[in-house]
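Q: Below are the structure tokens for one structure; questions will follow.
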Amino acid sequence: MVLKEQKPAFAFLLTVFVGALIFIFLIGQISSVLDMLKKLAVSAGLNLIYVETILKIIGIAYIAEFGVQITKDAGQGSLASKIELAGKILILVLAIPIMTAIIKTVIGLIPQ
1 MVLKEQKPAF AFLLTVFVGA LIFIFLIGQI SSVLDMLKKL AVSAGLNLIY VETILKIIGI
61 AYIAEFGVQI TKDAGQGSLA SKIELAGKIL ILVLAIPIMT AIIKTVIGLI PQ
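This note's numbering puts the first residue of the sequence shown at 1, with every later residue one more than the last.
This is the structure we're talking about:
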């Protein structure tokens with residue numbers, strides 16, 4: 001907190017650097033989790049396109065949240081809300097094929 005009051009630009013750069021460093025250290029664990037989820041999807045007979053899309057959505061959510069927190073720490077609340085909106089729109093766009101498949105499945109289950 002003292003660093004942020006004394007040198008806000010340095011505090012911002014330090015926040016970005018530490019956040020990126022933590023992300024880099026976690027890449028190995030993230031990739032092993034993704035591999036495990038893909039193996040589970042294959043063994044369950046799921047379509048990998050849907051699994052990959054869901055994983056992309058999760059990735060966008062995490063990256064957008066990271067960007068929002070960084071910009072809020074920099075005192076840019078307005079920019080943070082724009083990043084959040086962009087992340088939500090990207091998630092919605094990626095979710096359309098999954099929602100379409102779910103709707104088609106539900107319609108197919110309804111007796112005619």
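Backbone N, C-alpha and C fix where the C-beta goes; we use that ideal spot for every residue, glycine too.
All values reported here derive from a predicted model rather than from experimental measurement.
For residue 81, which of 65, 91 and 6 has the nearest alpha-carbon?
A: Among 65, 91 and 6, the Cα nearest to that of residue 81 is on 65.
Q: What's the gap between the Cα of residue 9 and the Cα of residue 31?
A: 33 Å
Q: To the nearest whole angstrom, what separates the beta carbons of residue 55 and residue 37, a pair I think is in contact under 8 Å?
A: Their Cβ separation, rounded to whole angstroms, is 7 Å, which keeps residue 55 and residue 37 in contact under 8 Å.
Q: On the DSSP letters alone, give me the boundaries of the alpha helix (DSSP H) that residue 27 sits inside.
A: For residue 27, the uninterrupted alpha helix (DSSP H) run begins and ends at 8-44, by DSSP.
Q: Within its chain, find whatever has a CB closer than 7 Å to the CB of residue 70; leave out the 5 residues flanking it on each side and keep chain order.
A: Here the set comprises 15, 16 and 19.
Q: When the Cα atoms are used, what is the spatial distance from residue 21 to residue 11?
A: 15 Å
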